[in-house]
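Accompanying notes for the structure given below.
There are 2 protein chains.
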Amino acid sequence: MAKKQTAAFQGERGAFSEEAARRLLGPEVTPVPCARFEDVLRSLVEKRVDAAILPIENTLHGSVHENYDHLQNFDVVITGETRIRIVHNLIALPGVKARQVRRVYSHPVALNQCLRFFTEHPEYEKHAHYDTAGSVKMLAEQQLRDAAAIASASAARIYGARILQRSIEDDRQNFTRFFLLRRPSDPRARRAKTARVTWKTSLVFTTRNVPGSLFRCLSAFALRDLNLAKIESRPLRGKPWEYLFYLDFLGHVEDPVVRNALSHLKEIAEWRLLGCYPQGT
Amino acid sequence: MAKKQTAAFQGERGAFSEEAARRLLGPEVTPVPCARFEDVLRSLVEKRVDAAILPIENTLHGSVHENYDHLQNFDVVITGETRIRIVHNLIALPGVKARQVRRVYSHPVALNQCLRFFTEHPEYEKHAHYDTAGSVKMLAEQQLRDAAAIASASAARIYGARILQRSIEDDRQNFTRFFLLRRPSDPRARRAKTARVTWKTSLVFTTRNVPGSLFRCLSAFALRDLNLAKIESRPLRGKPWEYLFYLDFLGHVEDPVVRNALSHLKEIAEWRLLGCYPQGT
């Protein structure tokens, strides 16, 4: 793993995507925050960064559909994945006590994932902010001493704030899966198969809209005992009520059985490989 | 079709959902606007309205995932569907000329669907509002004469405004599919099969997470030449990286072939019927 790689991600410093970047690229990665997912992909394609980190699904909310569309629209390759448990913490400036807090800032989704905490603390007023880590940044910038934020532990560290209460989220089964993306021309995008690793392959396909066509596409995998990890449908632009399918399955593109499955799929569908990468843990 | 039925929908009077309500229940329907989708379903379940209208997918943006989750969480039955073409119009108060307009209000999604119009009119400033029809309502309430809104033709009619320019959306392949929902106890929820109508059936299922299980579930339909219209996966709560599948297929639940398919599906999956209804046009 090369040192001092740059990785674009959406959100402020301290976002869960930054944690994913460190997990995927090592602690020396230089994080490059971007305002929008589209900017993340553009940064990668325009060679302003070495890699991009994209959340693709969450176990409570489902797929990040915008990012599935970006995988189709930008020329990028998935070269890794990781799963981060979303732990929400109550964070305030150093010296601020819980009883001083009146307002709690965070992204609306994070506020909604801590409803039990707010029921136990009716004295706290919820305030929606554009970003979880950004709400800690705001505490620091405005030196708010009657407010707290809900964000990751690393957001507290980055902005010099303190955790008042750890893990206040309602549901601990809250995980987000992130992709590590590279440019197709990047030599790091081509990773030879190594043993002792479970490989995953992602692709996108379209097929004719006739009875049984999706079934026949899946047969290319099922008849070869290849395990599907995920299927996602997205609308096909310009063809109302037809769909693109994104598929993740276990196996390496160089496995003979995977080659056969993909050549079988070619007979019945148009597909494009999105990447082949070690399964995340 | 009974007269003077009440139908809950999300949004302000003049929303596209209200147009769907008239299409599904006739022009005499009494529209009941609600702030959130959850309120729409709650109104129906708590018997405050006769029916509910829910957008379920759009040909540009894909499924309305929140509403798929509501179908699972509320005890309701799909009894009809319709597809509405989303036509965005530039709307202003009577007497206001296009050259007087400085600001244009609408929901961010609608603003983003009229980008060509804004490129052609750099003199207009885009302003995000919480609702398309609500932005016309605001023009009327605040008597704004230097502003316009982007909304449906019926929003213009309802709030006494005028259409300055029709159909300013970038993509005419912009359709939204709506469901008509009833309480299961409502006699109108049980619709006998009639000829000359194409019927559609919707269900939700879970299956064991083993290789080929989705393929085997789809075989119940494919092996009987039943045509799938839509498949949608959603995360299964409490079981990270496992999924619920929502399926729409053509056929009436009382067709012998559909009965056989559902009994076959029962052997390999747990499923629940969401509704059987005439295919929308």
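First to last, the sequence lines map onto chains A and B. If you read the first sequence in numbering that gives the first Met the number 0, its first letter stands for residue 0, the second for the next number, and so on. If you read the second sequence in numbering that gives the first Met the number 0, its first letter stands for residue 0, the second for the next number, and so on. Glycine included, each C-beta is placed from N, C-alpha and C at the ideal position. Quick caveat: nothing in here was measured; it's all calculated off a predicted structure.
Handout entry: Same chain, Cβ closer than 6 Å to Thr131 of chain B, neighbours up to 5 away in sequence not counted
Key = Walking along the second sequence from the start, residue 131 of chain B turns up at place 132. Here the set comprises Ser105, His106, Ala109 and Ala150.
Handout entry: Three-state secondary structure (DSSP) of Gly133 of chain A
Key = Against the first sequence, residue 133 of chain A aligns to sequence position 134. Three-state result, Gly133 of chain A: helix.
Problem - Contact set between the segment 70–89 of chain A and chain B, restricted to residues whose Cβ is under 7 Å from the partner - result: Listed by position along the chain: nothing, the set is empty.
Handout entry: Residues sharing a beta bridge with Leu174 of chain A, DSSP
Key = Here residue 174 of chain A refers to the residue found at position 175 when the first sequence is read from its first residue. Position check: residue 174 of chain A holds Phe in this sequence, whereas Leu was assumed. Its beta-bridge partners are A:Arg84.
Handout entry: Environment of Val209 of chain B [buried if 16+ CB atoms lie within 10 Å]
Key = What you label residue 209 of chain B is simply residue 210 of the second sequence in a count that begins at 1. Around the C-beta of Val209 of chain B, fewer than 16 other C-beta atoms lie within 10 Å, and the residue is accordingly described as exposed.
Exercise for the section: Would you mind giving the Cβ-Cβ distance between Val75 of chain A and Val48 of chain A, rounded to the nearest angstrom? I have them listed as a contact below 8 Å. Expected result: To locate residue 75 of chain A, count along the first sequence from 1; it is residue 76. To locate residue 48 of chain A, count along the first sequence from 1; it is residue 49. Contact flag wrong, Cβ pair sits at about 12 Å.
Problem - Neighbour list for His64 of chain A in chain B, Cβ cutoff strictly below 7 Å - result: Position 65 of the first sequence holds residue 64 of chain A. Identification of chain B residues near His64 of chain A by a Cβ-Cβ cut-off of 7 Å yields Gly61, ordered along the chain.
Problem - Segment contact, 8 Å Cβ cut-off, at least three pairs: the segment 83–96 of chain B with the segment 152–172 of chain B - result: Cβ pair count under 8 Å is three or more, so yes.
Problem - Boundaries of the alpha helix (DSSP H) in which Asn259 of chain A is found, first to last residue - result: Locating residue 259 of chain A in the first sequence gives position 260, where the first residue counts as 1. Element bounds for Asn259 of chain A: Pro255 to Ile267.
Exercise for the section: Go ahead and label Gly250 of chain A buried or exposed: buried means 16 or more other beta carbons lie within 10 angstroms of its beta carbon, across all protein chains shown. Expected result: Translated into positions along the first sequence, residue 250 of chain A becomes position 251. So Gly250 of chain A ends up on the buried side.
Exercise for the section: Identify the continuous alpha helix (DSSP H) that holds Val36 of chain A and give its terminal residues. Expected result: Here residue 36 of chain A corresponds to residue number 37 of the first sequence, with the count starting at 1. The residue asked about is misnamed: residue 36 of chain A is Phe in this sequence, not Val. In the DSSP assignment, Phe36 of chain A falls within the unbroken alpha helix (DSSP H) covering Phe36 to Val44.
Practice task
Locate the beta strand (DSSP E) running through Gln9 of chain A, then write down its first and last residues.
Solution key: The residue you call residue 9 of chain A lines up with position 10 of the first sequence. For Gln9 of chain A, the enclosing beta strand (DSSP E) stretches over residues Thr5 to Gln9.
Problem - For Arg171 of chain A, the nearest candidate out of B:Glu27, B:Gly237 and B:Asp68 (CA to CA) - result: By 1-based counting over the first sequence, the position of residue 171 of chain A is 172. Checked all of B:Glu27, B:Gly237 and B:Asp68; the closest Cα to Arg171 of chain A is B:Gly237.
Handout entry: Sub-9 Å separation of Ala228 of chain B and Phe204 of chain B beta-carbons
Key = As a first step, residue 228 of chain B must be located in the second sequence, where it is residue number 229. As a first step, residue 204 of chain B must be located in the second sequence, where it is residue number 205. Ala228 of chain B is not a Cβ neighbour of Phe204 of chain B, given a cutoff of 9 Å.
Exercise for the section: Please report the residue range of the beta strand (DSSP E) in which Tyr242 of chain A lies. Expected result: By one-based count along the first sequence, residue 242 of chain A stands at place 243. Element bounds for Tyr242 of chain A: Tyr242 to Leu249.
Practice task
Find the residues of chain A that neighbour Asp224 of chain B, judging by a C-beta separation of less than 8 Å, and give them in chain order.
Solution key: Here residue 224 of chain B refers to the residue found at position 225 when the second sequence is read from its first residue. Going along chain A in sequence order, the residues near Asp224 of chain B (Cβ under 8 Å) are Pro210 and Gly211.
Practice task
Compile a chain-ordered list of the residues in the segment 175–196 of chain A whose CB is closer than 7 Å to at least one CB of chain B.
Solution key: Contacts with chain B (Cβ-Cβ distance below 7 Å) from the segment 175–196 of chain A involve no residue at all.
Problem - Stretch-stretch touch, CB-based, cutoff 8 Å, three pairs: the segment 175–184 of chain B with the segment 113–125 of chain B - result: Cβ pair count under 8 Å is below three, so no.
Practice task
Could you work out which residue in B:Asp68, B:Ala155, B:His60 and B:Ala154 is closest to His69 of chain A when comparing CA atoms only?
Solution key: In the first sequence, the residue the question calls residue 69 of chain A occupies position 70. When only C-alpha atoms are compared, the closest one is B:His60.
Practice task
Determine contact between the segment 75–85 of chain B and the segment 16–26 of chain B, defined as no fewer than three beta-carbon pairs at a distance below 8 Å.
Solution key: Three or more Cβ pairs drawn from the segment 75–85 of chain B and the segment 16–26 of chain B lie within less than 8 Å of each other, which places the two stretches in contact.
Practice task
Keeping to the same chain, check which residues put their C-beta closer than 6 Å to that of Arg102 of chain B; ignore five residues upstream and five downstream.
Solution key: What you label residue 102 of chain B is simply residue 103 of the second sequence in a count that begins at 1. In its chain, beyond the 5 residues on either side, Glu124, His126 and Ala146 have a beta carbon closer than 6 Å to the beta carbon of Arg102 of chain B.
Problem - Among A:Arg12, A:Cys33, A:Glu37 and A:Gln4, nearest to Leu24 of chain A - alpha-carbon criterion - result: Taking the first residue of the first sequence as 1, we reach residue 24 of chain A at position 25. Closest option to Leu24 of chain A, Cα to Cα, is A:Gln4.
Problem - Cβ-Cβ distance between Arg144 of chain B and Gln112 of chain B below 9 Å - result: Along the second sequence, read from residue 1 onward, the residue named residue 144 of chain B stands at position 145. Along the second sequence, read from residue 1 onward, the residue named residue 112 of chain B stands at position 113. No. Outside cutoff.
Practice task
Take Ala194 of chain A as the anchor and find which of A:Phe244, A:His120, A:Glu140 and A:Pro277 has the nearest alpha-carbon.
Solution key: The sequence position of residue 194 of chain A within the first sequence is 195, counting from 1. Checked all of A:Phe244, A:His120, A:Glu140 and A:Pro277; the closest Cα to Ala194 of chain A is A:Pro277.
Problem - For Ala219 of chain B and Ile267 of chain A, the rounded distance between their alpha carbons - result: Within the first sequence, the letter at position 268 stands for residue 267 of chain A. Within the second sequence, the letter at position 220 stands for residue 219 of chain B. Cα-Cα distance, rounded: 20 Å.
Exercise for the section: Tell me, please, which residues DSSP counts as bridged to Asn57 of chain B. Expected result: Here residue 57 of chain B is taken as the residue at index 58 of the second sequence, counted from 1. Note: Asn57 of chain B sits in a beta bridge opposite B:Gly61 and B:Thr175.
Problem - With 16 other Cβ atoms within 10 Å as the buried cut-off, status of Ala7 of chain B - result: In the second sequence, the residue the question calls residue 7 of chain B occupies position 8. Buried, by the Cβ-count rule.
Problem - Rounded straight-line distance, which links the Cα of Gln9 of chain B to that of Phe117 of chain B - result: Locating residue 117 of chain B in the second sequence gives position 118, where the first residue counts as 1. Locating residue 9 of chain B in the second sequence gives position 10, where the first residue counts as 1. Roughly 27 Å between the two C-alpha positions.
Handout entry: Per-residue contacts from Glu231 of chain B into chain A (C-beta, under 7 Å)
Key = Here residue 231 of chain B refers to the residue found at position 232 of the second sequence. Result: Ser232.
Handout entry: Interface partners of Phe15 of chain A on chain B, CB under 7 Å
Key = Residue 15 of chain A sits at position 16 when you count from the first residue of the first sequence. Listed by position along chain B, the residues whose Cβ is nearer than 7 Å to that of Phe15 of chain A form an empty set, because the closest Cβ is around 15 Å away.
Practice task
Enumerate in chain order the residues of its own chain whose CB-to-CB distance from Phe73 of chain A is below 6 Å, with the five nearest sequence positions on each side excluded.
Solution key: Locating residue 73 of chain A in the first sequence gives position 74, where the first residue counts as 1. If we look at Phe73 of chain A and ignore the five residues flanking it on each side, its Cβ neighbours are Leu40 and Val44.
Practice task
Determine the closest residue to Gly274 of chain A out of A:His128, A:Ala152 and A:Tyr245, with distance taken between C-alpha atoms.
Solution key: In the first sequence, the residue the question calls residue 274 of chain A occupies position 275. Looking only at A:His128, A:Ala152 and A:Tyr245, the smallest Cα-Cα distance to Gly274 of chain A is reached by A:Tyr245.
Problem - 8 Å CB neighbourhood of Leu243 of chain B in its chain, flanking five on each side removed - result: Within the second sequence, residue 243 of chain B is the residue found at index 244, counting from 1. Excluding residues within five positions, the ones whose Cβ falls inside 8 Å are Gln71, Val203, Phe204, Thr205, Ser232, Arg233, Pro234 and Leu235.
Handout entry: Closer than 9 Å at the beta carbon, the chain A residues around Phe214 of chain B
Key = The sequence position of residue 214 of chain B within the second sequence is 215, counting from 1. Correct list: Phe214, Leu217, Ser218, Phe220, Ala221, Leu222 and Leu227.
Practice task
Work out the CA separation of His64 of chain B and Arg182 of chain B for me, nearest whole Å.
Solution key: The residue labelled residue 182 of chain B in the question sits at position 183 within the second sequence. The residue labelled residue 64 of chain B in the question sits at position 65 within the second sequence. Between Arg182 of chain B and His64 of chain B, the C-alpha separation is close to 21 Å.
Problem - Ser62 of chain A classed as buried or exposed, judged by whether at least 16 other C-beta atoms fall within 10 angstroms - result: Position 63 of the first sequence holds residue 62 of chain A. Burial check for Ser62 of chain A: the Cβ neighbour count within 10 Å reaches 16 or more, so the residue is buried.
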